[in-house]
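K.L.:
In numbering that gives the first Met the number 0, the protein residues as written are 0 to 127. Quick reminder that beta carbons are idealized off the backbone N, C-alpha and C, glycines included. All values derive from a computational prediction rather than experimental measurement. One structure follows; several queries about it will come next.
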Amino acid sequence: MQQYRVLVVDDSKLARMVMASSMRRIRPDWTLVEVTNAEEALATIAGGAADIALIDFNMPGMDGLELVANIRKTHPSMPVAVVSANVQNEIVGRARELNAGFIPKPLTDETLSAFLSGATLRLKKAAS
């Protein structure tokens with residue numbers, strides 16, 4: 000089975016630990032790359048070190064939606080999800096406009112697994 004590299008972008012160490020723990024249960028063979036802000040995320044993606052991105056909405060500097068908009072300039076089809084406890088229609092709608100998923104916090108294995116399954120299908124389709 001294909002192994003992917005998942006980029007987790009969150010300024011909260013606790014939130015990154017929760018995502019990492021969920022990832023280990025769902026896709027233990029995948030690689031997790033953790034960064035704390037948008038600048039690190041863009042550098043990681045530019046370096047080709049990520050296939051999928053999970054991005055916190057509330058971060059200092061550039062917020063999650065601005066980061067997704069920047070990723071879309073260079074990686075229009077990369078599977079990306081905004082992960083946030085801030086479940087407002089405006090944020091969810093903006094994520095969808097940017098062709099990104101939205102995963103509400105607190106994160107559950109079910110919601111993460113559903114997103115990763117869809118991401119896997121998109122990556123396989125793009126590769127064929």
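Buried or exposed for Asp-28, going by 16 or more other Cβ atoms inside 10 Å?
P.N.:
By the neighbour-count rule (16 or more Cβ atoms within 10 Å), Asp-28 is not buried but exposed.
K.L.:
How close, in whole Å, do the beta carbons of Val-7 and Leu-31 come, if the pair is a contact with beta carbons under 8 Å?
P.N.:
About 6 Å; that satisfies the 8 Å criterion.
K.L.:
Please tell me whether Leu-111 and Pro-78 are closer than 9 Å, where the distance is taken between their beta carbons.
P.N.:
Contact flag unset, no.
K.L.:
As a quick exercise: from Ala-45, Gly-100, Asn-88 and Lys-104, pick the residue whose alpha carbon is nearest that of Ser-11.
P.N.:
Of the candidates Ala-45, Gly-100, Asn-88 and Lys-104, the one whose C-alpha sits nearest the C-alpha of Ser-11 is Lys-104.
K.L.:
Checking 9 Å against the spacing of the C-beta atoms, do Leu-64 and Leu-97 come in under that value?
P.N.:
A contact, by the Cβ cut-off of 9 Å.
K.L.:
What residue does the alpha helix (DSSP H) around Ala-14 start on, and which one ends it?
P.N.:
Its alpha helix (DSSP H) spans residues 12-25.
K.L.:
What is the DSSP secondary structure of Asp-55, counted as helix, strand or coil?
P.N.:
Strand at Asp-55.
K.L.:
Using the DSSP secondary-structure output, state which residues sit across from Phe-101 in a beta bridge.
P.N.:
Beta-bridge pairing links Phe-101 to Val-81.
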